[in-house]
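In the working numbering, the protein residues as written are 43 to 150.
In this text, a Cβ means the ideal position worked out from N, Cα and C, and glycines have one as well.
All values reported here derive from a predicted model rather than from experimental measurement.
This report refers to the structure that appears directly beneath it.
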Amino acid sequence: MTGYQLSFFMQQSRSHKGKALHQWLLDLAQSMQIRGATMIAAQEGLGSKHRVHSARFFELADQPIEITMVVSESECEAILQALQAEPGLRLFYSKVPVQFGVIGEAED
């Protein structure tokens, strides 16, 4: 199959609708029946204003978070439309064409 890899980047402290933004985004993907998403907490990153964001021993609020999804073209359009329709949401993303599939049989 062909589709897109969508990657979304944020800091752990960001929120939307009273919920951590990364959790809200995962919940949205689940409600839209996206087949999978992975959240990765990074040690350090450089933000859009050239500011370093990092996970510190006592303070994780600034920790960079990435959520990655591999989706079909129609799923990509649907999730990007849903995100663009969200009032007050500001979220950086990348969209890269990919080929994807499953090797082997499903586990129980």
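Report task. Let me know the secondary structure DSSP gives Q54 once reduced to three states. Result -> The count along the sequence shown starts at 1 and reaches residue 54 at position 12. DSSP places Q54 in coil when its eight states are reduced to three.
Query raised in the report: Can you name the residues that DSSP bridges to A124?
Result: Your numbering for residue 124 matches position 82 in the sequence shown. A124 is not bridged to any residue.
Requested in this report: Helix, strand or coil for E147, going by three-state DSSP, please let me know.
Outcome: Your numbering for residue 147 matches position 105 in the sequence shown. Note: E147 maps to coil in three-state DSSP.
Query - Selected residue, minimal CA-CA separation from R132, among G78, H58, E115 and V112 - result: Here residue 132 refers to the residue found at position 90 when the sequence shown is read from its first residue. Of the listed residues, the one whose Cα sits closest to R132 is H58.
Report task. Check whether the Cβ of Q72 lies closer than 8 Å to any Cβ atom in chain C. Result -> Among the protein chains of the structure shown there is no chain C, as only one such chain exists.
Query raised in the report: In three-state terms, what does DSSP make of Q105?
Result: The residue you call residue 105 lines up with position 63 of the sequence shown. Q105 falls in the coil class under three-state DSSP.
**Report entry** Rounded distance between the beta-carbons of E115 and G45, thought under 8 Å
**Finding:** Within the sequence shown, residue 45 is the residue found at index 3, counting from 1. Within the sequence shown, residue 115 is the residue found at index 73, counting from 1. Indeed they touch by this definition, with Cβ atoms about 6 Å apart.
Report task. Taking only the alpha-carbon atoms, compute the straight-line gap between Y135 and F50 and give it to the nearest angstrom. Result -> Within the sequence shown, the letter at position 93 stands for residue 135. Within the sequence shown, the letter at position 8 stands for residue 50. Between Y135 and F50, the C-alpha separation is close to 4 Å.
Query raised in the report: Is it the case that the Cβ atoms of Q53 and P106 are separated by a distance below 8 Å?
Result: For the purposes of this step, residue 53 is taken as residue 11 along the sequence shown, with counting starting at 1. For the purposes of this step, residue 106 is taken as residue 64 along the sequence shown, with counting starting at 1. Yes; because the gap between Cβ atoms is below 8 Å, this pair is in contact.
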